[in-house]
Amino acid sequence: MMLTQLATWLALSSIPTMVNSMIYGFSQMSSTLDLDWEPCFDNFTCTRIEVPLDYEDIAAGTTYVSFIKWASNSTTTNCTAQDILLNPGGPGSSGINMLLLNLPALLHALGTENNLVGFDPRGVNNPGPVLSCFLDGELGTSRLYRDLDTPVDMHDAKSYGEVFARATAFGEFCTNAHSAANDTAKYVNTVAIANDMRHYIELLAKSKGQNVQNAQLWYYALSYGSVLGTTFASLFPNRVGRIAVDGIVDGEDYYNGKWSANVADADYAFRYFFRRCHEVGKDRCAF
C-alpha cells in the first residue's frame, strides 16, 4: 500500500496537470523571487522559488527549489504559527513526499498549531539543478538497480569485494558524468541546501513585514536531515529558532565520507535483540 501511494505521488508531482487551478505538478509552476503560494494536491499550497546557484558567486546563475505547505487553521495560535521545515533524510529523500504521504503522523508528532513545510533539496525529485549519471535516462537507471543493488552473498567471501568494486566503479562513472566545467552538480551540497533554508526563512519574514535579519529557522528532520540541521546551526547560529532532529548522524563521520559510525553498535544491537527475545520467551518473540 505504501509503495503504491509513493508511486502515485511521485508520478503526480512530476506530471504537469491542472484541474480548476489546482496544481498537481511542480513542473507546471513558474519560479518566483518571493513566496507565491498556489493551491496544490487538494489540501496544500505550493511555491517554487528562485535561488542563487552559488550564494558566494551570484554571477554563477540561479536555480529553483520547490516547497509544499500544510497550513494550520488553529484559531488560537494561527497569528503566531511558525513554518516548520521538514527533511526526511537520505540523503536524497523528498521532503515534499514526506509531507504528502505522512501528514497524519507528522501532525500527531508535531501538533496542529504550526505550518508544516516540505521541500525537495537540490538534486532531489522536483528542484534544479538536476542530477543524472545516465544520458539514456530510465535504461541506465534500470541497469544500475540490476547490477549495483545486487546484495552481498553471505556465503561467498568474494561477494563483498565484488559489491565494493561495483560501487566504486559507479562512483567514478558518476563523477566523470558531471566533470564538465559548466556542470551544475557542484552546486548540490549540504551547505548550499542550508543556505536555501536560510533564504526561505528570510523570504517568509519579508512576507510578514518582519526584519529578514532576525528570521529564525524551525526545523524537524530525520537521519541525514540531522546533518543538514547541524550544518545550518553551525553556519547561522543566530538564526536558530527550534530544531528537532532524530536518527542522529555523526556529522564529522559523514563529511569525511566514511560513514563507519553507522555500524559501530551493530553487533551490540543484534545481541541485545536476541537476548531480550530469549528473555520474553517464544510466545512473545517468534525468534
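Residue numbering for the sequence shown is -21 to -1, 1 to 266, as defined by mature numbering (1 follows the signal peptide of the UniProt record, and there is no 0).
The beta-carbon is built from N, C-alpha and C at its ideal position, and this holds for glycine as well.
These numbers come from a predicted model, not from an experiment.
### Query
When DSSP labels each residue in this structure, what does Y3 get in the three-state scheme?
Within the sequence shown, the letter at position 24 stands for residue 3. The three-state reading of DSSP puts Y3 in coil, since its state is none of H, G, I, E or B.
### Distance between beta carbons of L95 and I63, contact taken as under 8 Å
By one-based count along the sequence shown, residue 63 stands at place 84. By one-based count along the sequence shown, residue 95 stands at place 116. Here I63 really is in contact with L95; their C-beta atoms are around 6 Å apart, less than 8 Å.
### Query
First and last residue of the alpha helix (DSSP H) that includes V167?
The count along the sequence shown starts at 1 and reaches residue 167 at position 188. Here V167 belongs to no alpha helix (DSSP H), and DSSP marks it neither H nor E.
### Query
Which partner residues of D62 appear in the DSSP bridge assignment?
Position 83 of the sequence shown, counted from the first residue, corresponds to residue 62. Beta-bridge pairing links D62 to N94.
### Task
Over the uninterrupted beta strand (DSSP E) stretch that includes I37, give me the two end residues.
Against the sequence shown, residue 37 aligns to sequence position 58. No beta strand (DSSP E) holds I37; DSSP gives it neither H nor E.
### Query
Alpha carbon to alpha carbon, how far is Y179 from D262?
One-based indexing of the sequence shown puts residue 179 at position 200. One-based indexing of the sequence shown puts residue 262 at position 283. Spanning the two alpha carbons is a distance of roughly 52 Å.
### Message
Let me make sure I understand the geometry here. Which of H87, Y43, L85 and G90 has the alpha-carbon closest to that of I172?
### Response
Walking along the sequence shown from the start, residue 172 turns up at place 193. That would be Y43, whose Cα lies nearest to the Cα of I172.
#### Entry: When F23, A248 and R255 are compared against W49, the one with the closest alpha-carbon
Stepping through the sequence shown from its first residue, residue 49 is reached at position 70. The option with the nearest alpha carbon to W49 is F23.
### Task
Report the partner residues of P31 according to the DSSP bridge assignment.
Against the sequence shown, residue 31 aligns to sequence position 52. Answer is T41, bridged to P31.
### Query
Just to confirm, are V206 and V228 a CB contact at a threshold of 7 Å?
One-based indexing of the sequence shown puts residue 206 at position 227. One-based indexing of the sequence shown puts residue 228 at position 249. For V206 and V228, yes; Cβs fall inside 7 Å.
#### Entry: Extent of the continuous beta strand (DSSP E) run through R221
Taking the first residue of the sequence shown as 1, we reach residue 221 at position 242. V219 to D225 is the span of the beta strand (DSSP E), which, as asked, contains R221.
### Query
Alpha carbon to alpha carbon, how far is C264 from A88?
Walking along the sequence shown from the start, residue 264 turns up at place 285. Walking along the sequence shown from the start, residue 88 turns up at place 109. Spanning the two alpha carbons is a distance of roughly 28 Å.
### Message
For N57 and R27, I'd like the C-alpha separation in whole angstroms.
### Response
Here residue 57 refers to the residue found at position 78 when the sequence shown is read from its first residue. Here residue 27 refers to the residue found at position 48 when the sequence shown is read from its first residue. With a pLDDT of 48 at N57, under the threshold of 50, the predicted position of this residue should be treated as unreliable, though the coordinate-derived value follows. Looking at the two C-alpha atoms, the distance is approximately 23 Å.
### Query
How is F149 classed by DSSP in three states: helix, strand or coil?
Residue mapping note: residue 149 aligns to position 170 of the sequence shown, counting from 1. Helix at F149.
#### Entry: Cβ-based neighbour list, Q61, same chain, cut-off 6 Å, excluding 5 preceding and 5 following
Along the sequence shown, one-based indexing puts residue 61 at 82. Scanning its chain for C-beta atoms nearer than 6 Å, with the 5 sequence neighbours on each side dropped, one finds around Q61 the residues N93 and W197, in chain order.
### Message
Pop quiz: A164 and L110 are said to be a contact at Cβ under 8 Å. What is the actual Cβ separation, rounded to whole angstroms?
### Response
Residue 164 sits at position 185 when you count from the first residue of the sequence shown. Residue 110 sits at position 131 when you count from the first residue of the sequence shown. Confirmed, about 6 Å.
### Message
To the nearest angstrom, how far is the alpha carbon of G107 from that of T147?
### Response
Reading the sequence shown from its first residue, position 128 is the one you call residue 107. Reading the sequence shown from its first residue, position 168 is the one you call residue 147. The straight-line gap from Cα to Cα measures roughly 26 Å.
#### Entry: Through-space distance from H257 to S213, alpha-carbon basis
Residue numbering aside, residue 213 sits at position 234 when the sequence shown is read from its first letter. Residue numbering aside, residue 257 sits at position 278 when the sequence shown is read from its first letter. About 44 Å.
### Reduced DSSP category for L86 - H, G, I as helix; E, B as strand; rest coil
Here the question's residue 86 lines up with position 107 in the sequence shown. Here L86 sits in helix by DSSP.
### Query
Taking C-beta to C-beta, are A181 and A200 nearer than 7 Å?
Residue mapping note: residue 181 aligns to position 202 of the sequence shown, counting from 1. Residue mapping note: residue 200 aligns to position 221 of the sequence shown, counting from 1. Rather than Ala, the amino acid found at residue 181 in this sequence is Glu. Result no, Cβ atoms of E181 and A200 do not sit closer than 7 Å.
#### Entry: Where the alpha helix (DSSP H) containing L214 begins and where it ends
Mapped onto the sequence shown, residue 214 falls at position 235. From DSSP, the alpha helix (DSSP H) with L214 extends over Y203 to L214.
### Task
Rank N66, E17, G260 and A84 by C-alpha distance to the C-alpha of A223 and give the top, closest one.
Walking along the sequence shown from the start, residue 223 turns up at place 244. Minimum Cα distance to A223 is reached at N66.
#### Entry: Cut-off 7 Å between Cβ atoms - residues of its own chain near V30, not counting five sequence neighbours on either side
Mapped onto the sequence shown, residue 30 falls at position 51. Excluding positions up to five away in sequence, the list reads T41, T42, Y43, V44, D175 and H178.
### Task
Work out the CA separation of F211 and V219 for me, nearest whole Å.
The residue given as residue 219 occupies position 240 in the sequence shown. The residue given as residue 211 occupies position 232 in the sequence shown. If you take the alpha carbons of V219 and F211, they lie about 8 Å apart.
### Message
So, at 6 Å on beta carbons, what are the nonlocal neighbours of S10 in its own chain, with the 5 sequence-adjacent residues on each side left out?
### Response
Mapped onto the sequence shown, residue 10 falls at position 31. Only R27, E29 and Y43 meet the Cβ criterion.
#### Entry: Cβ-based burial, L86 [other Cβ within 10 Å; buried from 16]
In the sequence shown, the residue the question calls residue 86 occupies position 107. Counting Cβ neighbours within 10 Å, L86 comes out exposed, since fewer than 16 surround it.
#### Entry: Where L182 falls: helix, strand or coil (DSSP)
Walking along the sequence shown from the start, residue 182 turns up at place 203. Helix.
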